[in-house]
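Chains W and G, in that order, are what the protein sequence lines are. Position 95, counted from 1, in the first sequence is what full-length UniProt numbering calls 95; the numbers after and before it change by one each time, with no gaps. Position 68, counted from 1, in the second sequence is what full-length UniProt numbering calls 68; the numbers after and before it change by one each time, with no gaps. To keep things clear, I will list the structure first and then write my remarks on it.
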Amino acid sequence: MSAVRTLPAIEEVWSWLAEVPDPEIPVISLVDLGIIRDVAYEGETLVVTVTPTYSGCPATSIINLDIEQALRDHGVEALRLERRISPPWTTDWISAEGREKLRAYGIAPPIDGTAADGRLIQRARRLAGAADLSIACPRCGSTRTERVSQFGSTPCKASYRCAECLEPFDYFKCI
Amino acid sequence: MGALEASVDRASLFEFALRMGDNTLILGHRVSEWCGHSPVLEEDIALANTALDLIGQTQMWLGLGGEIEGKGRTADSLAYLRDAAAFRNLLLVERPNGDFGQTLMRQFLFDAWHLDMLKALERSADSRVAEIAAKAGREVAYHLERSSDLVIRLGDGTDESHRRMQAALDDLWPYTGEMFLADAVDAAMAEAGIAPDPASLKPHWQAVIGEVMGEATLTVPDSGYSHKGGKRGVHTEHLGYILADLQFLQRAYPGAKW
Chain W
1 MSAVRTLPAI EEVWSWLAEV PDPEIPVISL VDLGIIRDVA YEGETLVVTV TPTYSGCPAT
61 SIINLDIEQA LRDHGVEALR LERRISPPWT TDWISAEGRE KLRAYGIAPP IDGTAADGRL
121 IQRARRLAGA ADLSIACPRC GSTRTERVSQ FGSTPCKASY RCAECLEPFD YFKCI
Chain G
1 MGALEASVDR ASLFEFALRM GDNTLILGHR VSEWCGHSPV LEEDIALANT ALDLIGQTQM
61 WLGLGGEIEG KGRTADSLAY LRDAAAFRNL LLVERPNGDF GQTLMRQFLF DAWHLDMLKA
121 LERSADSRVA EIAAKAGREV AYHLERSSDL VIRLGDGTDE SHRRMQAALD DLWPYTGEMF
181 LADAVDAAMA EAGIAPDPAS LKPHWQAVIG EVMGEATLTV PDSGYSHKGG KRGVHTEHLG
241 YILADLQFLQ RAYPGAKW
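Set out below in structure tokens:
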């Protein structure tokens, strides 16, 4: 008599994935980050679909290993990871909970709808009739902050500095 | 959801994927040469991130190329095991880095073309091409924002930075025309609705260049002369040196992994 195996429910798999931290920003999970696009069964094989944040992000392969390890630890045997690039990942998919965790960790969360669109900065500012967006310092809350560089310690972040408390900080830039 | 394969011959589509992927591979490698050598830490990080985006985009384009070719070649084997004559990048991206100003000027001239090209490719009749373009375009929008900002700051900066930026523009200008020259592959792509006619991108590119150079107080050369050949595998002497560096490990230790 062969043992009857029950496949874990999809919701249960999501809850396991919600425990897997992002390797570079371990305060948020892969689910918070919005990069798990689908969890489904194909027959008895669990298929997890993942989208990369930035196309060259070096964490991508580590993320796949971490997902595989976590699901194996929960007893999943037949597993396949798929990569999906469309629609492209956007910071709009970071959960509200994830944003709060980022702020508490010292990374200013993204302000939706502010991704670069290729318009030249000066022209875009003229068109918008606005100065720089106010990004609040995650330490003291001041909006007297300035951009040091549009690029930061990982592909998804920009470097900022607070003019009030003088601390440098990361901003999770929109894409 | 299957890829919508437009009716075009496989060889032309393969060539097109190589052109896109070789541009990002060679420029990504060039930019990565700055790692640890930039004038300030923030710029070192920005250059490394730009290079990383370009290498990531290379994996998508050359991965698609290998899939189209159907002979079992992967993004890695296409990057590491082809010789210079099989590379299809624009001559512009293999130009030496020069000083920081030359590197930025090359980046800006390329970014302004690259973003418009990717935006046009988002409407490609081949859904695989459209998906890669949509992904890459978001990253390239940040590249253009940075490179245009810095070209303006350095062009309209000190006498020394102005002089160097004008010299960079004069030096690189004859390498920009190749972006807009069509050959039989481009014609086949445009006919099938896979990619735009390269010449159609020129008016907007010129407008962007004109606006930025105006703000940067730099003078756009009036020469219309174009060096060309990269798209069909006729390269400058610089590409061989790049490949010697880029491919050494896989050539010396075939199949090495870590």
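Don't be surprised by glycine CBs; every beta carbon is placed ideally from N, CA and C.
Among the residues of chain G, none has a CB under 8 Å from the CB of Ser15 of chain W; the nearest is roughly 28 Å distant.
Using a Cβ distance threshold of 9 Å, Asp22 of chain W and Ile63 of chain W count as a contacting pair. Using a CB distance cut-off of 9 Å, Val148 of chain W counts as an interface residue toward chain G. One alpha carbon belongs to Pro8 of chain W, the other to Thr45 of chain W, and they sit about 11 Å apart.
At a cut-off of 9 Å between C-beta atoms, Arg138 of chain G counts as an interface residue with respect to chain W. With respect to chain W, the C-beta atom of Ala134 of chain G has a partner C-beta closer than 9 Å.
By the criterion of at least three beta-carbon pairs nearer than 8 Å, the segment 95-111 of chain W is not in contact with the segment 145-153 of chain G. Sequence-distant Cβ neighbours of Ile175 of chain W in its own chain, meaning closer than 7 Å and more than five residues away, are Thr90, Thr91 and Ala115. In this structure, W:Pro52 is the residue among W:Val47, W:Pro52, W:Glu11 and W:Leu65 with its C-alpha nearest to the C-alpha of Leu33 of chain W. Contact check for Ala112 of chain G against Pro196 of chain G fails: the beta carbons are separated by 9 Å or more. Between the segment 67-87 of chain G and the segment 209-216 of chain G there are fewer than three inter-stretch CB-CB distances shorter than 8 Å, so the stretches are not counted as touching. Closer than 9 Å to the CB of Thr50 of chain G there is at least one CB belonging to chain W. According to the DSSP secondary-structure assignment, Ile36 of chain W is paired through a beta bridge with W:Val50. About 6 Å separates the beta carbon of Asp170 of chain G from that of Pro221 of chain G, a gap short enough to meet the 8 Å contact definition. Contacts between Cys57 of chain W and chain G, judged by CB atoms closer than 8 Å, involve Leu52 and Gly56 in chain order. Identification of residues in the segment 20-52 of chain G having a C-beta nearer than 7 Å to some C-beta of chain W yields Glu42, Ile45, Ala46, Asn49 and Leu52, given in sequence order. Using a Cβ-Cβ cut-off of 9 Å, Thr90 of chain W counts as an interface residue toward chain G, since at least one Cβ of chain G sits closer than that to its own. Residue range Lys202 to Glu215 is occupied by the alpha helix (DSSP H) that includes Val212 of chain G, with no beta strand (DSSP E) assigned at that position.
At least one beta carbon of chain W lies nearer than 9 Å to the beta carbon of Glu145 of chain G.
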